[in-house]
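Below is one structure, written out as structure tokens, with a few remarks after it.
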Amino acid sequence: MPSRPPLNSLHIFCVAVREGGFRQAAQALCVTPGAISRQIQQLEERVGYPLFERGAGINCLPTPAGRQLYGRVADKLAAVVEAVEGNTHPRTTHVLVDTSVTLAMHWLIPQLRGFSERHPHIQVQVRTTDGDIDPSTSAQVFIRRDPSELRGLPHEDFMLEHSVMVASPALLPSRRQGANARRRWIEGMPRIGAKSRPDLWNRWDAFSGSSGLRLEPTLFFDNTVLAIQAAAQGLGICIVPEIFVKSFLDSQTLHPVFAERITTGSYSVAVARGKESLRVRTFIDWMREVSHLASSGVASAR
């Protein structure tokens, strides 16, 4: 008769992967890190290969073989627990994301339904802050446009930012106008600027380079959210990151003044020290996929 699989070791292995390390798993299970380590070693002896990459620090990340094993057994073990305990709701894990209110409102939150459908056991929580991050908070993932605000955390770029000039359709001149006539029309219109993004009109000027006259904002708002709303209400024309006005463009509340778009930066993501885990990496990989599809003009990833 074949020996029984070590269910307790498998359970502890799944907790260690999900929580991001031995110490975190020990805290979650109210045991010592040594007890976690011994169970993992027993499981590694059973399967015949290492499941975690041991290194400096408190994190022990799963090896590729460990990630593969986790993907094969995690849901099945959860189903066993549900059957025994009569729990109809599988265990939910969380990823807390810290980002700006504009990116959260106009890009991240509209995409989260797709993530939830694909990963129903991972709940993404969003907190909005601006400026330098606070590494002492409970956030696991930080997203910033300016990587210097990540305060030295290792980071990776995951999305380019492209900006467009937009206006309410009621303000737009005839499409038959030539480029010079449209330039003169822009010079005569109220130009909306966000104090949080003073670079956008200058970047557009550098891109167009069609005359010596600098186009500067004539109507200022504190942030991009207010600038978008002002443009949607017909108060003037605005240069804004395209990802923030996708719903406005889709509904034709706003319309591009020109077909061109300019590159105005990128967004970086960083993981808080000691908080790398499989669920965090799953979320970041999904963000990369969504941002790639968005830049390719494809519907959001589900």
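Counting from 64, one number per residue, gives the positions in the sequence shown under my numbering.
By construction, the Cβ of each residue, glycine as well, lies at the ideal position given by its N, Cα and C atoms.
This one's a predicted model, so the numbers in the text were calculated from it and none came from an experiment.
CB contact flag (residue i, residue j, <8 Å)
i, j, result
"L213", "I196", "yes"
"H376", "A230", "Here the chain comprises residues numbered 64 to 365, so residue 376 is not present and cannot be evaluated."
"R324", "H184", "no"
"F270", "M350", "no"
"V158", "V187", "yes"
"C123", "R117", "yes"
"R342", "T156", "yes"
"L235", "V320", "yes"
"I255", "F284", "yes"
"V204", "I300", "no"
"L298", "P261", "no"
"T316", "R266", "no"
"E108", "L114", "no"
Proximity to residue i [Cα-Cα], best of the options
i, options, result
"V189", "F307, P183, E180, I206", "I206"
"G194", "I185, R181, D209", "D209"
"S354", "L166, A128, T126, A244", "L166"
"A88", "R344, T345, E339", "E339"
"N286", "M168, L234, E352", "M168"
"A141", "R260, G297, L175, V78", "V78"
"G97", "S199, E107, R86", "R86"
"S345", "A91, Q104, Q90, Y133", "Contrary to the premise, residue 345 reads as Thr rather than Ser in this sequence. Nearest of A91, Q104, Q90, Y133 to T345, Cα basis: Y133."
"S201", "E180, S179, D161, W170", "D161"
"L92", "S199, Q105, F76, N265", "F76"
"S314", "A322, T126, A295", "A295"
"V390", "D138, T316, G328, R67", "Since the first residue of the chain shown is 64 and the last is 365, residue 390 is not available in this structure."
"Q104", "S72, P127, A128", "S72"
"A137", "S199, V80, A322", "V80"
"F311", "W170, S211, A128", "W170"
"P198", "P217, H182, E180", "P217"
"V143", "H74, N243, L106, P127", "H74"
"S163", "E352, S259, I99", "S259"
"E352", "R135, A128, G177", "G177"
Per-residue burial, residue i [other beta carbons within 10 Å of its own, 16 or more giving buried]
i, result
"E279", "exposed"
"E82", "buried"
"I172", "exposed"
"Q70", "Position check: residue 70 holds Leu in this sequence, whereas Gln was assumed. Exposed."
"Y330", "buried"
"A233", "exposed"
"Y112", "exposed"
"P125", "buried"
"R101", "exposed"
"V94", "exposed"
"G215", "exposed"
"Q90", "exposed"
"R365", "Low confidence applies to R365: its pLDDT is 37, below 50, so where it sits in the model is not reliable enough to give any reading."
Residue(s) in a DSSP beta bridge with residue i
i, result
"A233", "Looking at the DSSP assignment, A233 forms no beta bridge with any residue, so it has no partner."
"R254", "I300"
"I185", "T156"
"D220", "S331"
"H225", "T326"
"R190", "D161"
"V80", "Per DSSP, none; premise fails for V80."
"L282", "I255"
"F115", "P125"
"F205", "D161, A333"
"H169", "For H169, which the question treats as bridged, DSSP gives no partner whatsoever."
"H318", "A230"
Closer than 8 Å to chain D by CB, residue i
i, result
"T200", "Annotation note: the requested chain D is absent from the structure, which comprises a single protein chain."
The region 245 to 255 touching the region 323 to 339, judged by at least three CB pairs closer than 8 Å: With a cut-off of 8 Å, the region 323 to 339 and the region 245 to 255 do not count as touching, because too few Cβ pairs lie within range.
I want to know whether the region 301 to 320 touches the region 280 to 291 - three or more CB-CB distances under 8 Å. Taking 8 Å as the limit for Cβ pairs, the verdict is that the region 280 to 291 does touch the region 301 to 320.
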